[in-house]
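Enquirer: I have a structure here, written as structure tokens, and I will follow up with some questions on it.
Number of protein chains: 2
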Amino acid sequence: MTEQTRIDHEQIRDFIFKVLSKEGVEQGAAGHVASGLVHASLRGVDSHGIRLLPHYLKALKSGRINPRPDYSFKQTTPSTGILDADDAYGHAAGMEAVAKALVLARKAGMGAVAVKRSTHFGAASFFALEISRHDMIGMSFTHADSLIVPTGGTRRFLGNNPVCFTAPCEGEDPICLDMATSVITFNKVLQLREEGASAPSGAGADETGRETRDPSHIVNLLPVGGYKGYGLSLMVEVLCSLLTGMPFGTHINRMYDAPIEEKRNLGHFFIAIRVDAFEEIDIFKKRMKMLASELRTEPRLDPDIAVQIAGDPEKRVSNERTKKGIPLRHVDFTFLEQASLDYGIELNLLK
Amino acid sequence: MTEQTRIDHEQIRDFIFKVLSKEGVEQGAAGHVASGLVHASLRGVDSHGIRLLPHYLKALKSGRINPRPDYSFKQTTPSTGILDADDAYGHAAGMEAVAKALVLARKAGMGAVAVKRSTHFGAASFFALEISRHDMIGMSFTHADSLIVPTGGTRRFLGNNPVCFTAPCEGEDPICLDMATSVITFNKVLQLREEGASAPSGAGADETGRETRDPSHIVNLLPVGGYKGYGLSLMVEVLCSLLTGMPFGTHINRMYDAPIEEKRNLGHFFIAIRVDAFEEIDIFKKRMKMLASELRTEPRLDPDIAVQIAGDPEKRVSNERTKKGIPLRHVDFTFLEQASLDYGIELNLLK
Numbered sequence: 024m025t026e027q028t029r030i031d032h033e034q035i036r037d038f039i040f041k042v043l044s045k046e047g048v049e050q051g052a053a054g055h056v057a058s059g060l061v062h063a064s065l066r067g068v069d070s071h072g073i074r075l076l077p078h079y080l081k082a083l084k085s086g087r088i089n090p091r092p093d094y095s096f097k098q099t100t101p102s103t104g105i106l107d108a109d110d111a112y113g114h115a116a117g118m119e120a121v122a123k124a125l126v127l128a129r130k131a132g133m134g135a136v137a138v139k140r141s142t143h144f145g146a147a148s149f150f151a152l153e154i155s156r157h158d159m160i161g162m163s164f165t166h167a168d169s170l171i172v173p174t175g176g177t178r179r180f181l182g183n184n185p186v187c188f189t190a191p192c193e194g195e196d197p198i199c200l201d202m203a204t205s206v207i208t209f210n211k212v213l214q215l216r217e218e219g220a221s222a223p224s225g226a227g228a229d230e231t232g233r234e235t236r237d238p239s240h241i242v243n244l245l246p247v248g249g250y251k252g253y254g255l256s257l258m259v260e261v262l263c264s265l266l267t268g269m270p271f272g273t274h275i276n277r278m279y280d281a282p283i284e285e286k287r288n289l290g291h292f293f294i295a296i297r298v299d300a301f302e303e304i305d306i307f308k309k310r311m312k313m314l315a316s317e318l319r320t321e322p323r324l325d326p327d328i329a330v331q332i333a334g335d336p337e338k339r340v341s342n343e344r345t346k347k348g349i350p351l352r353h354v355d356f357t358f359l360e361q362a363s364l365d366y367g368i369e370l371n372l373l374k
Numbered sequence: 024m025t026e027q028t029r030i031d032h033e034q035i036r037d038f039i040f041k042v043l044s045k046e047g048v049e050q051g052a053a054g055h056v057a058s059g060l061v062h063a064s065l066r067g068v069d070s071h072g073i074r075l076l077p078h079y080l081k082a083l084k085s086g087r088i089n090p091r092p093d094y095s096f097k098q099t100t101p102s103t104g105i106l107d108a109d110d111a112y113g114h115a116a117g118m119e120a121v122a123k124a125l126v127l128a129r130k131a132g133m134g135a136v137a138v139k140r141s142t143h144f145g146a147a148s149f150f151a152l153e154i155s156r157h158d159m160i161g162m163s164f165t166h167a168d169s170l171i172v173p174t175g176g177t178r179r180f181l182g183n184n185p186v187c188f189t190a191p192c193e194g195e196d197p198i199c200l201d202m203a204t205s206v207i208t209f210n211k212v213l214q215l216r217e218e219g220a221s222a223p224s225g226a227g228a229d230e231t232g233r234e235t236r237d238p239s240h241i242v243n244l245l246p247v248g249g250y251k252g253y254g255l256s257l258m259v260e261v262l263c264s265l266l267t268g269m270p271f272g273t274h275i276n277r278m279y280d281a282p283i284e285e286k287r288n289l290g291h292f293f294i295a296i297r298v299d300a301f302e303e304i305d306i307f308k309k310r311m312k313m314l315a316s317e318l319r320t321e322p323r324l325d326p327d328i329a330v331q332i333a334g335d336p337e338k339r340v341s342n343e344r345t346k347k348g349i350p351l352r353h354v355d356f357t358f359l360e361q362a363s364l365d366y367g368i369e370l371n372l373l374k
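Residue numbers (this note's numbering), protein chains in the order written: chain A, 24 to 374; chain B, 24 to 374.
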């Protein structure tokens, strides 16, 4: 393998911020989108990282996304509120909602904010981790366009709705479970096609809804653990569609296939729970670290691979990419170099 | 197959209540245990149903369970509180906590109660469904003794910690996801042994931690969806152990293998979210019903099997068993008939 072109994470964050600003995106939103994309790329979640920038720019220019959203927040009870995101970038809408949830939780012990009229928000961990950096339990949810075949069905209906849970830990970043409710992502299917490899069993369905391991025949995804993943996806749909008044399942405008000018009308849901409402924060963090350490030092099935806990793989990649830079595919750095010329913004690739 | 002995659900509830009362269990707790066991049996979750009565009586007589608990509840913020269950039956402790969570949520929009010093609480759905009958989103969690092998490990560490989520629905009982975080339960392993059948792939591990499909070699369970089920199990452990101050993972006293007089020191966690803090309850329920109906009428992979949503199988069994009675294994009705004699409480079996 040839050595890969990389870019420093602070530089690419700054670059994206400037590009969005030049496109008229207000400063707060531009900052959250830039941080959100780099957050995902740093952690190795490339599908939700900087490779989405071209799409996000297209969605902006087409009018799907509002560059200067006029958020309206309504607190409905001491612990809850609704944010109308006015078609903002999902990253920005989500961070606005998280800020509100933190304020609610500080006073009321818990805070939950439902977001309506939003767009794709990237990686769910971006939001829940922000909550846990304030010594709270974080949960973040979004629904997405239809991709998963319900157990016993033949067609996709619910989206690959993620479940994300975070908790503070002593001496390290919060632990973070950020899981799709499918077995594999559709990006993984595309990768398997390129590699000519088989999909794992129970992961994909063909046009008739039947399971297939041939990635070239996979058109929809199967839920992880059968009805369990399907049920979790439904749970997220309830929170993000039924509590927000946004469309559900097949009624959601598709991210890529729908006309790019069409609004997404996505919903998100965030929960913040103050740890110190239940346990002293220092004791909680110390015990979280103990639990993590006990698991990480469990006997290994493969002597070369340590037992990990939720978020460990992303922490490892994040450390590496913070030092060495974020690797770019050819198509990504071609886009970035052209953007550098078009917008007149300096871009220094590593290597 | 010979026709099975059955018992009417109201009669067995009443019978269990009387047995527990004769053993000195206070009325409230006796009612919750009786209702909780019958709830599980009615829904077809027999592993958590009336077959546990002998164990629960043993745990009571040994002193593990306190028949007349002195609950102490401390509200810590407008939306949160901690219940010390004083070694009560888990069913009773859980229902006490749910009642508190409902009161908190009515005032604050959401309510969360952490329970400490509790015991086995049976089926998680018992509690979350109670929350949703009050027009709220319900979530209930408990940890359990170590049974699941962490991904990449060789030994069990976390319990088969359940995730339960419920939401109100127009014209029917709330929808209800109540899932274990393993692929199959250990009860299922025992059943497969009896039948001489193979376990599904990815479900069980032998003494060395390696996957095996031979149920006679399965000693521990594997998490559903690999690291996803493991991560969900960890999430539940954080809520039920780290927020409650109770032991975690392998430090938890085992339900069966530990000396029966040892306290369990289990933790539970309940969340109630008022639907009307986000959406009008009638609209929510109507849309929940629409979502359910759309899924249930999706094209079928097998023309004879309709697509279901979370809780549908349990609703079907519950309807059937409400009419026909709850089927009893030979060992169960032998126990009940003896108990009827011992306690002098009438018992009329069906058929």
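Where a beta carbon is used, it is the ideal one built from N, C-alpha and C, also for glycine.
1) Are the beta-carbon atoms of valine 298/B and methionine 133/B separated by less than 8 Å?
2) Beta-carbon within less than 6 Å of lysine 41/A's beta-carbon, same chain only, minus the 5 sequence neighbours each way: which residues are those?
3) So what does DSSP say about histidine 291/B, is it helix, strand or coil?
4) Check the DSSP bridge columns for methionine 162/A and list the partner residues they point to.
5) Considering just the uninterrupted stretch of the beta strand (DSSP E) at glutamine 98/A, what are its terminal residues?
6) List the whole-angstrom C-beta distance separating valine 61/A from glycine 104/A, where the pair is believed to meet the contact cut-off of C-beta under 8 Å.
7) Would you say methionine 24/A faces chain B, with C-beta separation under 8 Å as the test?
8) What residue range is occupied by the uninterrupted beta strand (DSSP E) comprising lysine 81/B?
9) At 8 Å on the CB atoms, spell out the chain B contacts of arginine 297/A, in chain order.
10) Run through the segment 36-72 of chain B for me and flag every whole alpha helix (DSSP H) of 4 or more residues, listed as ranges in chain order.
11) So, using beta-carbon positions, are glycine 175/A and glycine 248/B closer together than 8 Å?
12) What does DSSP give as the partner residue(s) for aspartate 133/A in the beta ladder?
13) If you follow the alpha helix (DSSP H) that aspartate 355/B is part of, which residue opens it and which one closes it?
14) Where does proline 246/A fall in DSSP's three states?
15) In chain order, what residues of the same chain lie with their CB nearer than 6 Å to the CB of methionine 24/A, ignoring the 5 residues before and after it?
16) Only counting the same chain, and skipping five residues up and downstream in sequence, which positions put a Cβ closer than 8 Å to that of arginine 352/B?
17) Go ahead and pull the three-state DSSP assignment for leucine 200/B.
18) As a quick exercise: from Gly225/A, Asn210/A, Ser44/A, pick the residue whose alpha carbon is nearest that of glutamate 218/A.
19) In the DSSP assignment, what residue or residues form a beta bridge with isoleucine 30/B?
20) Identify which residue in Val56/A, Ser70/A, Glu153/A has its Cα closest to the Cα of alanine 111/A.
21) Pull up the distance between the alpha-carbon of lysine 45/A and that of serine 58/A, whole angstroms please.
22) Could one say the Cβ of isoleucine 332/B lies closer than 8 Å to chain A's Cβ atoms, at least one of them?
23) At which residues does the beta strand (DSSP E) containing serine 169/B begin and terminate?
24) In the DSSP output, which residue or residues are listed as bridge partners for aspartate 107/B?
25) Judging by CA-CA distance, which residue of Ser141/A, Asp168/A, Gly334/A, Thr28/A is the nearest neighbour of arginine 178/A?
26) For the alpha helix (DSSP H) containing asparagine 210/B, list its first residue and its last residue.
27) Is the beta carbon of glycine 232/A closer than 8 Å to that of leucine 152/B?
28) What does phenylalanine 293/A touch in chain B if you count any residue whose Cβ is under 8 Å from its own?
29) Excluding the five sequence neighbours on either side, which residues of its own chain have a C-beta within less than 7 Å of the C-beta of threonine 273/A, listed in chain order?
30) If we cut at 8 Å on Cβ distances, does leucine 324/A have a partner in chain B?
31) Within 10 Å of its beta-carbon, does glutamate 360/B have 16 or more other beta-carbons around it, so buried, or fewer, so exposed?
32) Only counting runs of 3 or more residues, tell me where the beta strand (DSSP E) segments fall wholly within the segment 264-341 of chain B, in order along the chain.
33) Quick one: does lysine 312/B have its CB under 8 Å from some CB of chain A?
34) Whether or not the segment 139-151 of chain A and the segment 298-307 of chain A are in contact is what I'm after, with contact meaning three or more pairs of Cβ atoms, one per stretch, closer than 8 Å; do they touch?
35) Give the interface partners of glutamate 230/B over in chain A, defined as CB-CB distance under 7 Å, in chain order.
36) Nearest to alanine 147/B by CA position, among Leu370/B, Leu373/B, Phe293/B, is which residue?
Expert: In short, the structure shows the following:
1) For the purposes of this step, residue 298/B is taken as the residue at position 275 of the second sequence. For the purposes of this step, residue 133/B is taken as the residue at position 110 of the second sequence. Result no, Cβ atoms of valine 298/B and methionine 133/B do not sit closer than 8 Å.
2) Taking the first residue of the first sequence as 1, we reach residue 41/A at position 18. Cβ neighbours of lysine 41/A beyond the five flanking positions: Ile368.
3) Working through the second sequence from its first residue, we reach residue 291/B at position 268. Note: histidine 291/B maps to strand in three-state DSSP.
4) To locate residue 162/A, count along the first sequence from 1; it is residue 139. Partner(s): Phe188/A, Ile294/A.
5) The residue labelled residue 98/A in the question sits at position 75 within the first sequence. That run of the beta strand (DSSP E) goes 95-100.
6) Numbered from its first residue, the first sequence carries residue 61/A at position 38. Numbered from its first residue, the first sequence carries residue 104/A at position 81. In fact, because the Cβ distance is near 28 Å, the residues do not count as touching under 8 Å.
7) Locating residue 24/A in the first sequence gives position 1, where the first residue counts as 1. Confidence in methionine 24/A is poor, its pLDDT being 42 and thus under 50, which makes the residue's placement unreliable; the coordinate value appears in the next sentence. For methionine 24/A, the answer is no, since every Cβ of chain B falls outside 8 Å of its Cβ.
8) As a working mapping, residue 81/B is identified with position 58 in the second sequence. Element bounds for lysine 81/B: not the beta strand (DSSP E) but the alpha helix (DSSP H), 76-84.
9) Taking the first sequence and counting its residues from 1, the one referred to as residue 297/A is at position 274. Chain B residues near arginine 297/A: Thr100, Thr103.
10) When DSSP assignments are scanned along the segment 36-72 of chain B, the uninterrupted stretches of alpha helix (DSSP H) that are 4 or more residues long and fall wholly within it turn out to be 50-65.
11) Within the first sequence, residue 175/A is the residue found at index 152, counting from 1. Within the second sequence, residue 248/B is the residue found at index 225, counting from 1. By the CB criterion at 8 Å, glycine 175/A and glycine 248/B fall outside the cutoff.
12) If you number the first sequence from 1, residue 133/A lands on position 110. Sequence inspection shows methionine at residue 133/A; the aspartate mentioned does not correspond to that position. Ile296/A, per the DSSP bridge assignment.
13) By one-based count along the second sequence, residue 355/B stands at place 332. Its alpha helix (DSSP H) spans residues 353-366.
14) For the purposes of this step, residue 246/A is identified with residue 223 of the first sequence, where counting begins at 1. Proline 246/A: strand per DSSP, three-state reduction.
15) Sequence index remark: in the first sequence, residue 24/A carries index 1 (1-based). At methionine 24/A, the pLDDT of 42 sits below 50, so the modelled position is not reliable; the number obtained from the coordinates is stated separately. Closer than 6 Å at the Cβ level, and outside the excluded window around methionine 24/A, lies no residue.
16) Within the second sequence, numbered from 1, the residue matching residue 352/B stands at position 329. The answer, listed in chain order, is Arg74.
17) Sequence index remark: in the second sequence, residue 200/B carries index 177 (1-based). Strand, per DSSP.
18) Taking the first sequence and counting its residues from 1, the one referred to as residue 218/A is at position 195. Ranking Gly225/A, Asn210/A, Ser44/A by Cα distance to glutamate 218/A puts Asn210/A first.
19) Looking up residue 30/B in the second sequence gives position 7. Answer is Ile349/B, bridged to isoleucine 30/B.
20) Here residue 111/A is taken as the residue at index 88 of the first sequence, counted from 1. Comparing Cα-Cα distances from alanine 111/A to each of Val56/A, Ser70/A, Glu153/A, the minimum goes to Val56/A.
21) As a first step, residue 45/A is located in the first sequence; it is residue number 22 there, counting from the start. As a first step, residue 58/A is located in the first sequence; it is residue number 35 there, counting from the start. As the crow flies, the alpha-carbon of lysine 45/A is around 17 Å from that of serine 58/A.
22) Taking the first residue of the second sequence as position 1, residue 332/B is located at position 309. Yes, isoleucine 332/B lies at the interface with chain A (some Cβ there is under 8 Å from its Cβ).
23) Within the second sequence, the letter at position 146 stands for residue 169/B. Unbroken beta strand (DSSP E) run through serine 169/B: 169-171.
24) Residue numbering aside, residue 107/B sits at position 84 when the second sequence is read from its first letter. Answer is Ser95/B, Lys139/B.
25) As a working note, residue 178/A is residue 155 in the first sequence. Comparing Cα positions, the closest option is Asp168/A.
26) Looking up residue 210/B in the second sequence gives position 187. That run of the alpha helix (DSSP H) goes 209-218.
27) What you label residue 152/B is simply residue 129 of the second sequence in a count that begins at 1. What you label residue 232/A is simply residue 209 of the first sequence in a count that begins at 1. No, the Cβ-Cβ distance between leucine 152/B and glycine 232/A is not below 8 Å.
28) Residue mapping note: residue 293/A aligns to position 270 of the first sequence, counting from 1. Ordered by position in chain B, no residue passes the 8 Å Cβ test against phenylalanine 293/A, which lies about 12 Å from the chain.
29) For this step, residue 273/A is matched to residue 250 along the first sequence. Same-chain partners within the cutoff: Ser169, Phe180.
30) Translated into positions along the first sequence, residue 324/A becomes position 301. Judged by the 8 Å Cβ criterion, leucine 324/A is in contact with chain B.
31) Here residue 360/B refers to the residue found at position 337 of the second sequence. Looking at its Cβ environment, which holds fewer than 16 other Cβ atoms inside 10 Å, glutamate 360/B is exposed.
32) 289-297
33) For the purposes of this step, residue 312/B is identified with residue 289 of the second sequence, where counting begins at 1. Chain A, which has no Cβ nearer than 8 Å to the Cβ of lysine 312/B, makes this no.
34) Contact between the segment 298-307 of chain A and the segment 139-151 of chain A is absent, because fewer than three Cβ pairs lie under 8 Å.
35) Position 207 of the second sequence, counting from 1, holds the residue named residue 230/B. Result: empty, since nearest Cβ-Cβ is about 12 Å, beyond 7 Å.
36) The count along the second sequence starts at 1 and reaches residue 147/B at position 124. Comparing Cα-Cα distances from alanine 147/B to each of Leu370/B, Leu373/B, Phe293/B, the minimum goes to Phe293/B.
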